[in-house]
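Numbering (UniProt numbering), first residue to last: 1 to 224.
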């Protein structure tokens, strides 16, 4: 949060002028709520998406940790809420479609969580090329190690342990949980998966976006 504060959560506490360039920020905001000056392409945006079934599972476990919700949702209820976009952050489908269909307005690089899981080093090099930062092999190795799931799960600045149970209830689980691809198969029934597929096909119609639905997938699929 100190290195790349969240625009929507920390905006009143950010001294933009004092932050050293290049300034880094994080956000979950849809494109239409982002600062308008981003459309002048002066900033570079890295948009990381993940296959929505794994997003659904990860989000469900996050909901159970988040103290301020003061609610307990059954899995089937949360599934329906996620599909209809009635969760924190709104619709995953609308968020991705919005950013992708307005990509010409921004200097933006689209990446997926799955490609980083499959080949983190290549992903790091792709990001370096996008932000015009040249790193030698040793520096790339360091970034890859620091960005690995194993390291981040143990890093208190990445796993949010510093929140000290006033936001997340760590007795119910970890903020950084499994970090796998395809964990949805352990939660969703066949009927639930098929129901989700129908919504995905309708919501993502016409977008040339492909996702890996399992870590062993040889090629990404659009669920067509």
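Note that beta-carbon positions come from the ideal geometry of N, C-alpha and C, so glycine has one too.
- With contacts defined as CB atoms closer than 9 angstroms, residue 36 and residue 107 fail to qualify as a contacting pair.
- Taking residue 59 as reference, the option from 77, 146, 5, 190 with the minimal CA-CA separation is 77.
- Cα atoms of residue 117 and residue 209: separation of roughly 18 angstroms, rounded to the nearest angstrom.
- According to the DSSP secondary-structure assignment, residue 45 is paired through a beta bridge with 108.
- If you check the CB distance, residue 94 and residue 52 do not come in under 9 angstroms.
- Here residue 211 is bridged, per DSSP, to 221.
- In the structure shown, residue 21 falls within a coil segment according to DSSP collapsed to helix, strand and coil.
- In this structure, residue 2 sits away from residue 25, with a CB-CB distance that is not shorter than 9 angstroms.
- Each of 115, 15, 192, 98 was checked against the Cα of residue 181, and the nearest Cα belongs to 115.
- In the displayed model, residue 58 falls within a helix according to three-state DSSP.
- In the DSSP assignment, residue 98 falls within the unbroken alpha helix (DSSP H) covering 92 to 101.
- Scanning the stretch 128 to 155 from its first residue to its last, the whole alpha helix (DSSP H) runs of 4-plus residues come out as 137 to 146, 149 to 154.
- Sequence-distant Cβ neighbours of residue 109 in its own chain, meaning closer than 8 angstroms and more than five residues away, are 44, 45, 46, 47, 126, 127, 130.
- CA-CA distance, residue 207 to residue 183, rounds to 24 angstroms.
- The three-state reading of DSSP puts residue 84 in coil, since its state is none of H, G, I, E or B.
- Sixteen is the threshold: when 16 or more other Cβ atoms of the shown chains lie within 10 Å of the Cβ of residue 57, as they do, the residue is buried.
- As far as DSSP is concerned, residue 184 takes part in no beta bridge.
- Cβ-Cβ distances below 7 angstroms link residue 55 to 92 in the same chain, with the five nearest sequence neighbours on each side left out; the list follows chain order.
- Look at residue 122 here: in three-state DSSP terms it is helix.
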